[in-house]
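Numbering (this note's numbering), first residue to last: 1335 to 1472.
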């Protein structure tokens, strides 16, 4: 790990996450990548448990990319504390248990026909929030 000016740690040993690489989590407009090691570990755990590909659709975002994508000013994507993904299948019970055991905020964005658009996984920054699991209908 390398300490960044922000005080965050940059991941050096990507071999610990055999199904992912740094490029998958970087900002699509500028290459910013301050993804938290816990978030990459969670993505790897989801991949191991599901046995299915987990495709990261959004990892880190710079301020301008966050605005462009409709993110709020306190988006966890900007400080490496969140990622979005898609997969071939989603186990809602597993995601709910994961949210509780790993103290995460997980939001499943789903269409009215129950097809999942994507899943957002975030690290709660608010110490009062222990975990949350929500399904939002689009």
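Ideal placement from N, C-alpha and C gives every residue a C-beta, glycine not left out.
Item	Value
DSSP state of residue 1369 mapped onto helix, strand, coil	coil
Distance CB(residue 1369)-CB(residue 1420) smaller than 8 Å	no
Reduced DSSP category for residue 1422 - H, G, I as helix; E, B as strand; rest coil	coil
Euclidean distance between Cα positions of residue 1457 and residue 1385	23 Å
Own chain, CB closer than 6 Å to residue 1399, minus 5 neighbours either side, in chain order	1361, 1363
Segment contact flag, the region 1429 to 1438 with the region 1400 to 1407, C-beta cutoff 8 Å, min 3 pairs	no
Enclosing beta strand (DSSP E) for residue 1465 [first to last residue]	Counting along the chain, residue 1465 falls outside any beta strand (DSSP E), and DSSP gives it neither H nor E.
Residue range of the unbroken beta strand (DSSP E) whose run includes residue 1451	1450 to 1456
Where residue 1445 falls: helix, strand or coil (DSSP)	coil
As assigned by DSSP and simplified to three states, the class of residue 1417	strand
Reference residue 1352, options 1367, 1377, 1447, closest by Cα	1377
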